[in-house]
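Scroll down for the structure; my scribbles are underneath it.
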Amino acid sequence: MPSSRARLAAVLVAAGALPLLLGGAGCGRQERAPRFSAAVLITVDTLRADHLGCYRSARDTSPNLDRLAAGGLRFARCLTPLPRTTQSLACILTGMTPARHRVRSLHHVLAQEHVTLAERFRAAGYATAAFASLPYFPGPQGFDQGFGDDFELWLDAAERDVRADTVTAAALAWVEAQGDAPFFLWLHFRDPHRPYAPPEPFRSRFDPQPDGPTSDSLIGAGATGRDARDRTGRVQYGVEKLPARVIERTIAFYDGEIAFTDQAIGAFVEGLRALGRGDDAVLVVTADHGESLGEHDYWFSHGDFLYDDCLRVPLIASGPGVLPQVVEEQVGVIDIAPTLVDLFALEPGAEMDGASFAAALTGSAIQGRTLFAESDRTLPWEHNPRFGGVAPRDPAHRLRGLCASDRRKLILDPFPADGPCLELYDVARDPGETADLAREARHAADVARWSAVLARIAARDHGFAPDPIDPEMRKALEENGYLGGE
Ligand SMILES: [Zn+2]
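Per my numbering, residue 111 is the first one in the sequence shown, and the count goes up by one each step.
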């Protein structure tokens with residue numbers, strides 16, 4: 111949608127001039143402009159796309175999200191630039207890449223100088239609120255910018271029992287208090303993040319014998335402190351092989367957490383309708399990153415590698431006037447903020463790296479994006495064979511990826527003991543990324559060109575955000591294995 115039309119739409123919506131039809135009398139459905147006075151951004155922690163029904167999961171994990179997708183826009187391929195929580199949420203809330211906002215480790219803080227989506231909505235007169243339950247999160251991390259007093263953060267360490275239904279209830283109470291006022295609301299559900307421990311009936315939904323051992327229970331048994339970290343590392347990198355039955359049950363629990371979260375999202379959507387705000391709100395549902403469930407011998411974790419199990423996340427947009435369809439073009443989570451800025455005619459941000467996909471909401475074509483990605487290093491790292499036993503202290507040691515719009519992906523690993531290596535996958539033909547094509551002659555020109563791009567990006571690296579972490583917090587994180595390489 112051209113921004114002038116969006117701006118006009120927002121002015122008319124703000125003036126209460128609903129229903130609003132742009133494009134003149136008698137225009138077709140595709141020309142009907144979406145009309146919204148509220149935006150809800152839902153992020154689910156650790157939710158890989160292909161474990162939702164609408165992304166062809168083998169299990170019925172997500173009837174509510176499937177219904178939302180069927181009535182709205184589902185993006186077939188959406189990627190995060192960095193598959194860890196803090197870093198990816200910083201991208202979603204600002205529309206910037208990690209290289210620009212420099213939030214590149216779990217404990218980094220988004221600098222005040224960066225303008226968040228909430229700040230843009232608030233500046234335009236919208237009420238704003240966030241309800242976020244986050245796993246192992248050190249603090250607000252600068253994500254409270256633009257939310258004022260309505261920033262409700264439940265940190266895992268303090269509130270282990272805060273689950274998806276609690277987040278939904280708190281959010282609906284806030285929506286009710288807003289009456290008819292325009293608002294921007296951010297919800298973050300943490301449930302699919304480890305430990306996978308869904309409540310009944312979701313605990314036994316995908317495994318008829320849920321009381322046996324899982325990956326989490328085996329790691330926890332008798333291991334504390336450093337021992338637990340070593341044990342986690344051995345399991346995580348496949349050094350210690352888990353029995354097939356344990357793997358099966360662990361994945362069933364992960365899917366159970368997804369189904370539980372799906373139910374809470376369904377209750378939120380239902381509640382929004384009951385409060386009379388279902389007809390003027392746009393909902394965007396995505397995830398901060400996925401989860402590796404054993405692909406490439408990387409077990410029940412995320413962050414270290416750039417394969418699709420961790421990079422690919424769902425992206426669903428729904429609301430009145432949104433044309434139901436599946437968009438095949440590749441987009442990134444960094445495109446969400448520019449899209450909402452465009453749809454609501456907010457003050458555009460010159461520093462945003464993403465691009466608006468608002469045109470897709472009314473059925474217009476959009477360009478597939480070329481996207482960049484970088485890894486973090488999950489801790490403990492000692493058992494990761496690709497680190498060669500050397501502490502990965504330098505940001506230059508991170509994996510970097512170029513995800514082309516044609517679904518080929520080049521990964522540069524600068525760290526192995528035997529020198530830098532390149533991997534190339536054609537994800538369209540090989541979704542499991544098992545056939546490395548980097549040495550095939552037919553791809554040689556692209557590999558040379560793209561690796562030069564990755565090298566240039568690495569050379570221009572802006573480094574990390576300042577580390578404001580206090581000694582007490584650092585100790586707590588280290589004890590939980592979250593700062594181990596430093
Ligand atoms: Zn996360």
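Glycine is no exception: its CB is placed at the ideal position from the N, C-alpha and C atoms. Please read all numbers here as calculations on a predicted model, not as lab measurements.
Exercise. Does the separation of the CB atoms of V443 and S198 fall below 8 Å?
Worked result: Contact flag set, yes.
Exercise. Mind checking S474: buried by the 16 CB within 10 Å criterion, or exposed?
Worked result: S474 counts as exposed, since fewer than 16 other beta carbons sit within 10 angstroms of its beta carbon.
Exercise. With burial defined as no fewer than 16 other Cβ atoms inside 10 Å of the residue's Cβ, what is the status of G459: buried or exposed?
Worked result: Flag for G459 reads buried.
Problem set entry | Bounding residues of the beta strand (DSSP E) (the contiguous stretch that carries G511) | For G511, the enclosing beta strand (DSSP E) stretches over residues 510 to 513.
Exercise. If you draw a straight line from the alpha carbon of L152 to that of A551, how long is it in whole angstroms?
Worked result: This sequence places Ile at residue 152; Leu is not what is there. Straight-line Cα distance between these residues: approximately 43 Å.
Exercise. Any heavy atom of ligand 1 closer than 7 Å to the Cβ of D398?
Worked result: Yes - ligand 1 has a heavy atom lying nearer than 7 Å to the Cβ of D398.
Exercise. Within 7 Å: the Cβ of H406 and any heavy atom of ligand 1?
Worked result: Not one heavy atom of ligand 1 lies closer than 7 Å to the C-beta of H406.
Exercise. Between L385 and G429, is the Cβ-Cβ spacing less than 8 Å?
Worked result: It is not a contact, given that the beta carbons lie outside the stated cut-off.
Problem set entry | ligand 1 heavy atom lying under 7 Å from the CB of D419 | The answer is no for D419.
Exercise. What residues match up with Y246 in a beta bridge as DSSP calls it?
Worked result: In the DSSP output, where bridge partners are listed per residue, Y246 has none listed.
Problem set entry | Contacting residues, own chain, Cβ-Cβ under 8 Å from I476 (five flanking each side not counted) | Excluding sequence neighbours, I476 sits near V437, E439, V441, F467, A469, A470.
Exercise. Got a sec: does ligand 1 put a non-hydrogen atom nearer than 7 Å to the Cβ of T371?
Worked result: No; taking the cut-off as 7 Å, the Cβ of T371 has no heavy atom of ligand 1 nearer than that.
Exercise. Does DSSP put G442 in a helix, in a strand, or in coil?
Worked result: G442 carries a strand assignment under DSSP once its states are collapsed to helix, strand and coil.
Exercise. Ends of the beta strand (DSSP E) at A179?
Worked result: A179 -> not in any beta strand (DSSP E); alpha helix (DSSP H) instead, spanning 173 to 180.
Problem set entry | First through last residue of the alpha helix (DSSP H) which encompasses W284 | Segment 274 to 287, the alpha helix (DSSP H) holding W284.
For this session: Could you spell out where the alpha helix (DSSP H) holding V563 opens and where it closes?
Result: Its alpha helix (DSSP H) spans residues 554 to 569.
Exercise. Buried or exposed: E310, going by 16 or more other Cβ atoms within 10 Å of its Cβ?
Worked result: Exposed, because fewer than 16 other Cβ atoms sit within 10 Å of the Cβ of E310.
Exercise. Exposed or buried, P318, counting other C-beta atoms within 10 Å across all chains shown (16 or more means buried)?
Worked result: Using a 10 angstroms sphere on the CB of P318, the tally of other CB atoms stays under 16, which defines it as exposed.
Exercise. In this structure, what does DSSP give as the bridge partners for A538?
Worked result: The bridge partners DSSP lists for A538 come to none.
Exercise. Is the distance from the Cβ of E229 to the Cβ of G252 below 8 Å?
Worked result: No, the Cβ-Cβ distance between E229 and G252 is not below 8 Å.
Exercise. With respect to the alpha helix (DSSP H) encompassing F231, which residues constitute its N-terminal and C-terminal limits?
Worked result: It spans 227 to 233 - the alpha helix (DSSP H) in which F231 sits, taken as one unbroken run.
For this session: Report whether the distance from the Cβ of T195 to the nearest heavy atom of ligand 1 is below 7 Å.
Result: Yes; taking the cut-off as 7 Å, the Cβ of T195 has a heavy atom of ligand 1 nearer than that.
For this session: Quick one: using the 10 Å Cβ neighbour count with 16 as the cut-off for buried, is A143 buried or exposed?
Result: Only weak support exists for where A143 lies, its pLDDT of 48 falling under 50; the value from the coordinates is given anyway. So A143 counts as buried.
Exercise. CB-CB under 8 Å to D546, same chain, minus the five flanking residues each way: which ones, in chain order?
Worked result: Cβ within range, chain order: E533, L534, Y535.
Exercise. Are the CB atoms of R158 and G400 nearer to each other than 8 Å?
Worked result: Using a Cβ distance threshold of 8 Å, R158 and G400 count as a contacting pair.
For this session: Please state if the CB of V395 and the CB of L175 are separated by a distance shorter than 8 Å.
Result: L175 places its beta carbon less than 8 Å from that of V395.
Exercise. Leaving out five residues before and five after P320 in sequence, what residues of the same chain have Cβ atoms less than 6 Å from its Cβ?
Worked result: Within the same chain, P320 has close Cβ partners R313, S314.
Exercise. When you compare each of L425, L450, S325 to G205 by their alpha carbons, which one comes out closest?
Worked result: When each option's Cα is compared against that of G205, the closest is L450.
Exercise. DSSP three-state call for Q346: helix, strand or coil?
Worked result: DSSP places Q346 within a helical segment (H, G or I) once states are collapsed to three.
Problem set entry | Residue span of the beta strand (DSSP E) that contains S428, given as start and end | Following the DSSP letters along the chain, one finds S428 inside the beta strand (DSSP E) bounded by residues 425 to 428.
Exercise. Going by alpha carbons, who is nearest to S215 out of R496, F241, E484?
Worked result: Just measuring C-alpha positions, the residue of R496, F241, E484 sitting nearest S215 is E484.
Exercise. Roughly how many angstroms lie between the CA atoms of P323 and V356, to the nearest whole one?
Worked result: So the two alpha carbons sit approximately 6 Å from each other.
Exercise. Using the C-alpha atoms, what's the distance from Y408 back to L192?
Worked result: C-alpha separation (whole angstroms): 17 Å.
Exercise. Quick one, are the C-beta atoms of H412 and T156 less than 8 Å apart?
Worked result: One thing to note: H412 has its Cβ within 8 Å of the Cβ of T156.
For this session: Verify the contact flag: D414, CB atom, against every heavy atom of ligand 1, threshold strictly below 7 Å.
Result: Answer for D414: no, Cβ out of range of ligand 1.
Exercise. How about P424 and C188: do their beta carbons lie closer than 8 Å?
Worked result: Cβ atoms of P424 and C188: closer than 8 Å.
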